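Residues in the sequence shown are numbered consecutively from 38, following my numbering. Each residue gets a CB set at the ideal place from its N, CA and C atoms; glycine is no exception. These figures come from a predicted structure and were not determined experimentally.
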Amino acid sequence: AAMTIPVFQYFCIVQLGLKATHVGIVMAAFNGAQLLGAPLMGRVSDAVGRRLALLACFTWTALCFLATACVGSFLELLAVRAVAGLSGGSIPITQAMVMDVTLPERRPKGLGAIGG
38 AAMTIPVFQY
48 FCIVQLGLKA
58 THVGIVMAAF
68 NGAQLLGAPL
78 MGRVSDAVGR
88 RLALLACFTW
98 TALCFLATAC
108 VGSFLELLAV
118 RAVAGLSGGS
128 IPITQAMVMD
138 VTLPERRPKG
148 LGAIGG
């Protein structure tokens with residue numbers, strides 16, 4: 038998702054006619070929702086399993102990218118990106134999966150491979 042940030046800014050400013058301040062607000066809403074979504078998805082992954090929770094996060098993210106492409110106003114974009122941020126549990130779930138399947142002496146290497 039981080040690779041889309043330059044394109045996202047272009048989309049916001051050129052396609053939607055937003056100001057840089059609006060782009061910052063939308064990105065902050067996404068990050069704030071991630072702050073709430075990560076612990077929530079952690080509990081979900083403990084209840085239903087990491088693989089299923091991670092698949093749900095990826096599906097949620099894909100649907101939110103599709104919805105982002107269809108927005109036409111600042112408020113729509115703000116709502117969609119805030120909802121998208123709730124799927125932010127994919128990073129901690131991935132880190133937990135690495136911890137689950139990696140020997141203790143290899144965990145730093147495993148976490149480093151995924152950027153954790």
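(request) Could you check the C-alpha separation between residue 113 and residue 53 for me, to the nearest Å? (result) The alpha-carbon atoms of residue 113 and residue 53 are separated by roughly 11 Å.
(message) Using CA atoms only, rank isn't needed, just tell me which of 132, 83, 88, 118 is closest to residue 149.
(response) Taking residue 149 as reference, the option from 132, 83, 88, 118 with the minimal CA-CA separation is 132.
(request) Classify residue 123 as buried or exposed, calling it buried when 16 or more other Cβ atoms lie within 10 Å of its own Cβ. (result) Classification for residue 123: buried.
(request) Pull up the distance between the alpha-carbon of residue 103 and that of residue 110, whole angstroms please. (result) Our two residues, residue 103 and residue 110, have alpha carbons roughly 15 Å apart in a direct line.
(message) At the level of alpha carbons, what is the spacing between residue 151 and residue 130?
(response) The straight-line gap from Cα to Cα measures roughly 12 Å.
(message) Mapping the DSSP letters down to three states, classify residue 128 as helix, strand or coil.
(response) Reduced to three states, the DSSP call for residue 128 is helix.
(request) Rounded to whole angstroms, what's the CA-CA distance from residue 77 to residue 108? Just pull it up for me. (result) A straight-line Cα-Cα distance of about 26 Å links residue 77 and residue 108.
(message) Is it buried or exposed, residue 140, if we count other Cβ atoms within 10 angstroms and call 16 or more buried?
(response) Residue 140 counts as exposed, since fewer than 16 other beta carbons sit within 10 angstroms of its beta carbon.
(request) Please report the Cβ distance between residue 115 and residue 60, rounded to the nearest whole angstrom; I am assuming they are in contact, meaning their Cβ atoms lie under 8 Å. (result) So it is not a contact: roughly 11 Å between Cβ atoms.
(request) Rounded to whole angstroms, what's the CA-CA distance from residue 86 to residue 43? Just pull it up for me. (result) The alpha-carbon atoms of residue 86 and residue 43 are separated by roughly 34 Å.
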